[in-house]
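Engineer: For the sequence shown, my numbering begins at 213 and goes up steadily by one.
Pasting a structure below so you can have a look.
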Amino acid sequence: MQRPPRRHRMKDRKIGLIGVGLMGHGIATNIVRHGHSLAVLAHAGNQPLDALEAAGVRIVGSARQLAAEVDVLLLCVTGSPQVEAVLLGDDGVLQGMRPGGIVIDCSTAIPSSTERLTGVVAEAGGRFMDAAMTRTPKEAAEGRLNLLVGAPTALFDECRPLLACFAENITHCGPVGAGHRMKLLHNYVSLGSVALIAEAAACAQRAGVAAEVFVDVLAKGGGGGTALERLRPFLLSQDPSGLRFSMANAFKDLGYYTTMARDTGAADTIAEGVRQTLETAVAHTGGQRLLPELVAVLAEHQST
């Protein structure tokens with residue numbers, strides 16, 4: 213097979229990243245590790261950038277300037293409001309994006325917003341795809357994320373070498389928006405399972421069932437699995453680090469899921485119950501405590 217011209221190979225393109233948080237820092241580290249040129253947006257929410265700067269990563273002051281300097285721009289921000297702001301703002305990406313530039317949204321977002329932004333980016337001369345992430349900051353640092361991609365096949369094939377720098381499993385879910393839809397389905401099942409076990413664990417605590425017994429019995433039966441294993445350190449030793457995901461983020465994701473369910477006319481009774489549970493927990497805690505601590509919150513606040 214003839215090798216593609218140099219100008220078309222992903223390795224030769226300049227990469228940008230907006231959102232160097234817990235997940236984005238691992239993504240940035242692995243992009244640089246694979247030899248790509250990388251620039252990131254300066255932001256108060258970034259993780260420390262010293263190691264990245266030492267590796268040659270450039271820090272840029274505005275989204276507009278960053279978009280003007282790169283060929284491919286990854287977004288790793290909180291959700292749809294932040295994606296829309298960074299793209300559409302007065303000093304945003306679309307004000308500086310190069311013709312033919314590619315925007316890859318790795319955030320968790322509302323699919324209807326994703327589809328609308330695809331059209332806006334196309335009108336500005338760019339291309340847009342979603343590449344939603346699963347797994348945790350640990351796997352991000354190891355370059356072992358799972359990516360759920362929504363994109364035309366040609367764009368997916370073009371960008372896959374870059375995605376493979378920081379992802380172990382890459383699933384092409386369908387057209388633009390399909391990745392974000394699958395991410396919300398995944399997070400509903402994942403976070404919903406954690407919330408269900410947390411509520412059961414809180415009931416067990418109030419009923420005098422020993423945590424060791426609770427965990428052992430569930431692990432040997434139908435309650436075993438990833439959700440229980442992520443909660444196990446907190447249930448047995450009050451260590452919430454098994455799932456470094458805040459209650460506020462879980463509440464946001466469940467809200468996005470119920471929005472998607474309503475948009476498609478799908479049943480959402482159970483999801484709405486999980487969303488309301490998380491809403492109450494966020495109201496009691498401010499939302500920044502990690503999700504395993506939901507057990508303690510539910511045990512402390514008796515049902516009314």
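Yeah, the Cβ is synthetic: ideal placement off N, Cα and C, and Gly gets one too.
For Glu384, which residues from the same chain have a beta carbon less than 6 angstroms from its beta carbon, with the 5 sequence-adjacent residues on both sides left out?
Structural biologist: In the sequence as displayed, the identity of residue 384 is His instead of Glu. Answer for His384: Val361, Phe368, listed in chain order.
Engineer: Which whole-angstrom value describes the C-beta separation of Tyr507 and Leu466, a residue pair presumed to lie in contact below a C-beta threshold of 8 angstroms?
Structural biologist: Just to set this straight, residue 507 is Val in the shown sequence, not Tyr. At roughly 17 angstroms, the Cβ-Cβ gap does not stay under 8 angstroms, so Val507 and Leu466 are not in contact.
Engineer: Which residues bound the alpha helix (DSSP H) around Lys464?
Structural biologist: Unbroken alpha helix (DSSP H) run through Lys464: 459-476.
Engineer: Would you mind reading off the limits of the alpha helix (DSSP H) that contains Ser324?
Structural biologist: Per DSSP, Ser324 belongs to the alpha helix (DSSP H) from 323-335.
Engineer: Enumerated in chain order, which unbroken segments of the alpha helix (DSSP H) with a length of 4 residues or greater are wholly contained in the segment 390-432?
Structural biologist: Listed in chain order, the complete alpha helix (DSSP H) runs (minimum 4 residues) inside the segment 390-432 are 390-418, 423-431.
Engineer: For Ala431, collect the residues of the same chain with a Cβ closer than 7 angstroms to its Cβ; drop the 5 residues on either side in sequence, then sort them by chain order.
Structural biologist: Once the five neighbours on either side are set aside, the close Cβ partners of Ala431 are Leu440.
Engineer: Quick one: is Ala251 buried, meaning 16 or more other Cβ sit within 10 Å of its Cβ, or exposed?
Structural biologist: Buried, because 16 or more other Cβ atoms sit within 10 Å of the Cβ of Ala251.
Engineer: Considering only residues of the same chain and omitting the five flanking positions on each side of Ala379, which have a CB-CB separation below 6 angstroms?
Structural biologist: Hits under 6 angstroms: Leu357, Leu359.
Engineer: Suppose you measure from the CA of Leu510 to the CA of Leu397; what does that come to, to the nearest Å?
Structural biologist: In a straight line, the C-alpha of Leu510 is about 24 angstroms away from that of Leu397.
Engineer: Determine the burial state of Asn381: buried for a count of at least 16 other Cβ atoms within 10 Å of its Cβ, exposed for fewer.
Structural biologist: Result: exposed.
Engineer: Applying the 10 Å Cβ sphere with the 16-neighbour rule, what's the burial state of Thr489?
Structural biologist: Looking at its Cβ environment, which holds 16 or more other Cβ atoms inside 10 Å, Thr489 is buried.
Engineer: First and last residue of the alpha helix (DSSP H) that includes Arg372?
Structural biologist: Arg372 -> alpha helix (DSSP H) spans 365-375.
Engineer: So, at 8 angstroms on beta carbons, what are the nonlocal neighbours of Pro387 in its own chain, with the 5 sequence-adjacent residues on each side left out?
Structural biologist: Cβ neighbours of Pro387 beyond the five flanking positions: Gly362, Ala363, Pro364.
Engineer: Output the distance between the C-alpha atoms of Val333 and Thr471, rounded to the nearest integer angstrom.
Structural biologist: Roughly 23 angstroms separates the two Cα atoms.
Engineer: If you draw a straight line from the alpha carbon of Arg219 to that of Arg225, how long is it in whole angstroms?
Structural biologist: At Arg219 the pLDDT is 43, less than 50, meaning the model places this residue with poor confidence; the figure from the coordinates comes in the next sentence. Their backbone Cα atoms lie some 8 angstroms apart in a straight line.
Engineer: Counting Cβ pairs, one atom from each stretch, are 3 or more of them under 8 angstroms apart for the segment 421-431 and the segment 478-486?
Structural biologist: At 8 angstroms Cβ cutoff, the stretches do not touch.
Engineer: Tell me the rounded alpha-carbon separation between Arg418 and Glu411.
Structural biologist: Roughly 11 angstroms separates the two Cα atoms.
Engineer: Which residues does DSSP list as the beta-bridge partners of Asn381?
Structural biologist: Answer is Asn358.
Engineer: So what does DSSP say about Lys497, is it helix, strand or coil?
Structural biologist: In the sequence as displayed, the identity of residue 497 is Thr instead of Lys. Helix at Thr497.
Engineer: Taking the alpha-carbon of Ala321 as reference, which of Val284, Met309, Arg393, Phe446 has the nearest alpha-carbon?
Structural biologist: Minimum Cα distance to Ala321 is reached at Arg393.
Engineer: Just to confirm, is the Cβ distance from Gly355 to Asn242 under 7 angstroms?
Structural biologist: Cβ distance < 7 angstroms, so Gly355 and Asn242 count as in contact.
Engineer: Which runs of the beta strand (DSSP E), 3 residues or longer, sit entirely within the segment 235-304?
Structural biologist: Correct list: 249-253, 270-272, 284-287.
Engineer: Smallest Cα separation from Ala460: which of Phe426, His496, Ser449?
Structural biologist: The shortest Cα separation from Ala460 among Phe426, His496, Ser449 belongs to His496.
Engineer: With a CB to CB cut of under 8 angstroms and the five nearest residues on each side skipped, what residues in its chain are close to Ser319?
Structural biologist: Counting only Cβ-Cβ distances below 8 angstroms, and skipping sequence neighbours, we find Gly231, Leu287, Cys288, Val289, Thr290, Gly291, Ser292, Gln294, Val295, Ala344.
Engineer: Out of curiosity, what's the CA-to-CA distance linking Gly308 and Glu281?
Structural biologist: Their backbone Cα atoms lie some 8 angstroms apart in a straight line.
Engineer: For Arg276 versus Ile314, is the C-beta distance shorter than 7 angstroms?
Structural biologist: In this structure, Ile314 does not lie closer than 7 angstroms to Arg276 by Cβ.
Engineer: Skipping 5 residues on each side, what residues in its chain have a beta carbon closer than 7 angstroms to that of Leu502?
Structural biologist: Result list for Leu502: Pro452, Leu455, Arg456, Phe457, Ser458, in chain order.
Engineer: When you compare each of Val284, Ile316, Leu329 to Gly301 by their alpha carbons, which one comes out closest?
Structural biologist: Nearest option by C-alpha distance: Leu329.
Engineer: From the DSSP output, in three-state form, read off Gly312 for me.
Structural biologist: It is coil, neither helix nor strand.
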